[in-house]
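Here the sequence shown stands for residues 1022 to 1271, where the numbers follow the numbering used here.
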Amino acid sequence: MNPESTTKLYKAPRTEISQNQGRFRIHFNFPGHNHPNHDDHGYGPLATVVESFMDPETLISMHPHQNEEIISWVPSGVMRHDDRQENELVTDSEHLMVMGAGSGFWHEERTLADDPPLRMLQIFVRPHSLDLPPTIQHEPIADPVANEWRHLFGPEGSAAPLSVRNGVHFYDVHLEEGASVDLPSKADWDTYFYVFEGAVTADGTHFDETESGLFVDGDELTVTAETETLLVAFCIDPDAPITRQGTIGR
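Next comes the structure, spelled out in structure tokens:
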């Protein structure tokens, strides 16, 4: 961060918290860890952002979740979902899935032998209340437009195509080299961003692939792509009521 700046921008390097299950590997990004004076690994309703890798012909067998909203964002490749409600869904670059586990939801995930290696984000949002009705949303999303934010999910009642049951908005953007955009913002909310591919500069600070930033108590922050970049951002209500009994996203 620029030492002369009053901007409250907190950077975190690539996470060191990971699990290696062979054909399935995950890296846990905890947005609360960005802030030096924050005693929660999550940040408000955003519990964790998980970078997930699945090799072709991988099965994560049927397992339960409770009291968390799980969003699957797949920028390329495919993630195949089956559940005990007889849904058979394919999430890819043209679709987004939100699984509201609520009081309980069982599902499995897989890739087929001829599927490409998969790298995706699974986003865990803390709901506002415990034991809500289980739900699943699987919807087509608009084609990306270079250098423009795409609004993918938001709180119930927002203009986003899918919703979660708490105060988080989610966006992605494909940036051309040298392009600049302002981070999504909302009065009295804070913004967490993660560089999925490429590299950006914000407030004089460099953020490489898999690094993240948390921008708090500010009105506007511009990010500039140092190379072709895929960036995601979360606009978060830090004062939203939260639950902390999720299977993973506690």
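A virtual CB, placed ideally from N, CA and C, is assigned to each residue, including glycine.
Quick caveat, the model's predicted, so the values are computed rather than measured.
Exercise for review: Using three-state DSSP, classify His1056 as helix, strand or coil.
Suggested key: coil
Check your understanding: Under 8 Å between the Cβ atoms of Leu1139 and Val1253?
Key -> no
Practice item. Report yes or no: do three or more beta-carbon pairs, one from the stretch 1190-1209 and one from the stretch 1162-1174, lie closer than 8 Å? Key: yes
Point to revise | Length of the line joining the Cα atoms of Ala1163 and Arg1186 | key: 22 Å
**Study point:** Contact between the stretch 1112-1124 and the stretch 1067-1078 (3+ Cβ pairs under 8 Å)
**Key:** no
Exercise for review: Indicate whether Asn1050 and Tyr1215 have their beta-carbon atoms separated by less than 8 Å.
Suggested key: yes
Point to revise | Beta-carbon proximity list for Thr1068, same chain, < 6 Å, skipping 5 on both sides | key: Reading off the sequence, residue 1068 comes out as Ala, not Thr. Result list for Ala1068: Phe1145, Arg1147, Gly1270, in chain order.
Review point. I think Glu1241 touches Ser1201, with their Cβ atoms under 8 Å apart; what is that distance to the nearest whole Å?
Key: No, Glu1241 and Ser1201 are not in contact; Cβ-Cβ is about 12 Å, not under 8 Å.
Review point. What residue range is occupied by the uninterrupted beta strand (DSSP E) comprising Leu1235?
Key: 1233-1237
Practice item. Answer with buried or exposed for Ala983, where buried requires no fewer than 16 other C-beta atoms within 10 angstroms of its C-beta. Key: No answer is possible for residue 983: the residues shown for the chain start at 1022 and end at 1271.
Review point. By DSSP, does Cys1256 sit in helix, in strand, or in coil?
Key: strand
Practice item. Identify the continuous beta strand (DSSP E) that holds Val1221 and give its terminal residues. Key: 1220-1223
Check your understanding: Using the beta-carbon count (16 or more within 10 Å), is Glu1197 buried or exposed?
Key -> exposed
Point to revise | Gly1239 and Glu1089 closer than 8 Å at C-beta | key: no
Practice item. Starting from Asn1088, trace the beta strand (DSSP E) both ways and give me its first and last residue. Key: No beta strand (DSSP E) contains Asn1088, which DSSP labels as neither H nor E.
**Study point:** Limits of the beta strand (DSSP E) - the one that Phe1174 falls within
**Key:** 1171-1176
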